[in-house]
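Heads up, the sequence shown is in the working numbering, so the first residue is 444 and it goes up one at a time. The beta-carbon is built from N, C-alpha and C at its ideal position, and this holds for glycine as well. If you're wondering where the values come from, they're calculated on a predicted model, not measured in any experiment. Taking it in order: structure first as structure tokens, then the write-up.
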Amino acid sequence: MWDIFKDWIYDVIHFFYTFCGDWGMAIILVTVIFRLIVAPLMHMSAKSSFQMQKIQPLMQELQTRFSDDPVRLQQEMQKMYAEIKFNPVIGCLPILLQMPIFMAMFQTLRDMGTRVEGSYQFYGLVPNLVASPGDALSQGFIQFIPYLVLMIIFAGATFLPMVLQQLTNKSNPQQARQMIFMSIIMSIFMLWISWGSPAGVLLFWGVSSLIGVAQQQLTMRHLRRKDAREAEQIEVKPVEVNVTRRVQKKRQSKKR
Numbered sequence: 444m445w446d447i448f449k450d451w452i453y454d455v456i457h458f459f460y461t462f463c464g465d466w467g468m469a470i471i472l473v474t475v476i477f478r479l480i481v482a483p484l485m486h487m488s489a490k491s492s493f494q495m496q497k498i499q500p501l502m503q504e505l506q507t508r509f510s511d512d513p514v515r516l517q518q519e520m521q522k523m524y525a526e527i528k529f530n531p532v533i534g535c536l537p538i539l540l541q542m543p544i545f546m547a548m549f550q551t552l553r554d555m556g557t558r559v560e561g562s563y564q565f566y567g568l569v570p571n572l573v574a575s576p577g578d579a580l581s582q583g584f585i586q587f588i589p590y591l592v593l594m595i596i597f598a599g600a601t602f603l604p605m606v607l608q609q610l611t612n613k614s615n616p617q618q619a620r621q622m623i624f625m626s627i628i629m630s631i632f633m634l635w636i637s638w639g640s641p642a643g644v645l646l647f648w649g650v651s652s653l654i655g656v657a658q659q660q661l662t663m664r665h666l667r668r669k670d671a672r673e674a675e676q677i678e679v680k681p682v683e684v685n686v687t688r689r690v691q692k693k694r695q696s697k698k699r
């Protein structure tokens with residue numbers, strides 16, 4: 444089953460290669476189509492992150508109140524999630540969906556040289572999309588520069604959304620600093636992974652991550668503006684006083 448999935452990925456890449464005549468552009472087109480397919484999930488993930496950021500003060504308050512009662516704390520957290528319709532799992536879905544694609548792309552591009560003979564270039568910018576940065580460095584530093592750029596994009600763009608989100612986290616600066624530090628550590632780990640990965644995989648993941656960053660920022664901006672408009676409407680809404688006037692009865696005239 445896994446081999447069938449890898450063959451399908453190769454066939455899709457080869458299909459776009461027959462139109463554009465470049466393997467790198469074919470990988471980018473496949474990446475764009477993939478991001479369009481998962482765009483609704485990405486929107487849900489960004490919305491979930493935005494909600495998580497908004498409820499941080501409430502979470503801190505619950506953690507302080509029930510610090511000595513973990514069971515009650517978990518119950519109150521679940522209750523709060525249910526009231527605001529927040530699902531923490533949704534934030535992980537885009538990464539979980541990309542991992543099988545990443546693994547299949549890794550193995551497909553690694554074995555691509557055995558499928559079709561020829562050069563797998565990206566318009567001459569990247570000489571060989573099948574080669575890894577480690578292989579390119581052995582041929583000289585000049586050959587290694589395009590692969591180094593892909594490594595930086597691969598590592599940086601993966602955790603850039605997390606960093607941008609924490610920079611706007613004013614409610615808990617200490618947690619924001621911790622998350623940024625963790626992102627830096629994970630980016631270094633991703634650099635280590637990219638060292639032995641085919642350049643085509645780095646191109647796929649880097650383009651996918653950059654598209655994800657752009658989509659997340661657009662979604663977050665839309666949600667912030669929506670919250671600002673709702674807050675303005677609450678502030679300027681006039682107080683409505685419902686006064687029911689009593690109907691005065693006609694006075695009876697005295698008979699003379």
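With a contact defined as Cβ atoms closer than 8 Å, ILE471 and THR551 miss out at about 16 Å. DSSP places TYR453 in the uninterrupted alpha helix (DSSP H) bounded by 445-463. Going by beta carbons, ILE654 and ARG478 fall inside the 7 Å limit. About 5 Å separates the beta carbon of PHE587 from that of ALA579, a gap short enough to meet the 8 Å contact definition. Taking all protein chains in view, the Cβ of VAL514 is surrounded by fewer than 16 other Cβ atoms within 10 Å, so the residue is classified as exposed. If you draw a straight line from the Cα of ALA574 to the Cα of TYR563, it is about 9 Å long. With a cutoff of 7 Å on beta-carbon distance, ALA642 and LEU591 are scored as not near each other.
Around the beta-carbon of GLN659, 16 or more other beta-carbon atoms lie within 10 Å, marking it buried. For VAL644 against MET523, the beta-carbon gap comes to about 40 Å, at or over 8 Å, which does not count as contact. DSSP places VAL606 within a helical segment (H, G or I) once states are collapsed to three. For THR474, the closest of ILE456, HIS486, THR507, MET485 by C-alpha to C-alpha distance is ILE456. Note on geometry: alpha-carbon atoms of GLY577 and ASP670 lie some 48 Å from one another. In this structure LEU505 is not in contact with GLU526, their Cβ atoms being roughly 12 Å apart against a cut-off of 8 Å. The beta carbon of MET485 lies closer than 8 Å to those of ARG478, PRO537, GLY655, GLN658, GLN659, THR662 in the same chain, with the five residues before and after it left out. Between SER637 and THR601, the C-beta gap is not smaller than 7 Å, which leaves the two residues out of contact. In terms of CA proximity to PHE565, GLY464 leads the group SER581, GLY464, ILE585. In the structure shown, VAL569 falls within a strand segment according to DSSP collapsed to helix, strand and coil.
Nearest neighbour of ARG553 by Cα position, chosen from ASP450, LEU540, ALA674, THR461, turns out to be ASP450. The beta carbons of SER626 and VAL606 sit closer together than 7 Å. Assigned with DSSP and collapsed to three states, GLN499 falls in helix.
For LEU603 against TRP466, the beta-carbon gap comes to about 26 Å, at or over 8 Å, which does not count as contact. Counting the other CB atoms within 10 Å of its CB gives TRP648 a total of 16 or more, which places it among the buried residues.
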